[in-house]
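What follows is the structure, encoded as structure tokens:
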């Protein structure tokens, strides 16, 4: 059956080339290439072998991210961005982090200047990269900060992503800068202070490095410019 199929396909290709290619030398060259292909199939092809399809890699369910737990407090609740982010988080919990990124990218094609979606994209890219702050994730956070320079969300979640990736000193710098610029009555101050205390406790216990780490220069909103190497 395999040989019959390949011969039929070869004849169809040859007939199509004969009809559309008028130059005789080109016809001869294409015909020779087709016969070489058939010879290669005759030599190496094994159409009698049974197929062995591979199952897709198993995805491990994931716990709800801190971004998902906190975003309604710092970002919107019932706007279009929230709907896109909620769908993406559903895929993340099932372990399908690639689809989560693609869903947020689809939302950004509809609303390219939605800062909440850019923050969500940065977070989704970090999760997809197993906690690594990639240049594309950093660009997403930076884009969010450029669109909404007065909004605390981009800097706060940028710091959160840095901390989850192990860059505690840079996360602390971002959060302290955001805390210093926050109004005394801002409700998000408590979330920042809680995470700064957690960093101090972890340092006191020796769970994270005590010394400062080099920090990239930041813009006015605390989000460092994108660099060529992550972290």
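Residue numbers (our numbering): 1127 to 1357. Yeah, the Cβ is synthetic: ideal placement off N, Cα and C, and Gly gets one too.
| query | Can residue 1287 and residue 1249 be called in contact, C-beta distance under 8 Å? | reply | In contact: residue 1287 and residue 1249 (Cβ atoms closer than 8 Å).
| field | Three-state secondary structure assigned by DSSP to residue 1197 | value | helix
| request: Use the C-beta contact count for residue 1198: other C-beta atoms within 10 angstroms, 16 or more gives buried, fewer gives exposed. | output: exposed
| Whether residue 1301 touches residue 1329 by CB criterion (8 Å) | no
| request: Go ahead and pull the three-state DSSP assignment for residue 1242. | output: helix
| residue 1336 (DSSP reduced to helix, strand or coil) | coil
| Which word fits residue 1236, buried or exposed, when buried means at least 16 other C-beta atoms lie within 10 angstroms of its C-beta? | exposed
| message | Quick check on the burial criterion: 16 or more other C-beta atoms within 10 angstroms. Buried or exposed for residue 1134? | response | By the 10 Å Cβ count, residue 1134 comes out exposed.
| message | Measuring only the C-alpha atoms, how far is residue 1309 from residue 1318? | response | 13 Å
| task | Mind the definition here: the stretch 1292-1307 touches the stretch 1265-1274 only if three or more C-beta pairs lie below 8 Å; say whether that holds. | result | no
| task | Please name the residue in 1252, 1293 and 1316 whose C-alpha comes closest to that of residue 1333. | result | 1293
| message | Suppose you measure from the CA of residue 1141 to the CA of residue 1158; what does that come to, to the nearest Å? | response | 14 Å
| field | Residue closest to residue 1325, alpha-carbon to alpha-carbon, out of 1289, 1233, 1240 and 1306 | value | 1289
| query | Comparing alpha-carbon positions, which option in 1208, 1206, 1252 and 1242 lies nearest residue 1277? | reply | 1242
| query | Quick one: what does DSSP say residue 1233 is sitting in, helix, strand or coil? | reply | helix
| said: Please state whether the Cβ-Cβ distance between residue 1281 and residue 1271 is less than 8 Å. | reply: Contact: yes.
| task | Check whether the Cβ atoms of residue 1211 and residue 1227 lie closer than 8 Å to each other. | result | No, the pair does not count as a contact, with Cβ atoms beyond the cut-off.
| task | Go through its chain and collect everything with a Cβ distance to residue 1109's Cβ below 6 Å, but skip five positions before and after it. | result | Residue 1109 falls outside the range modelled here, since the chain spans only 1127 to 1357, and no answer is possible.
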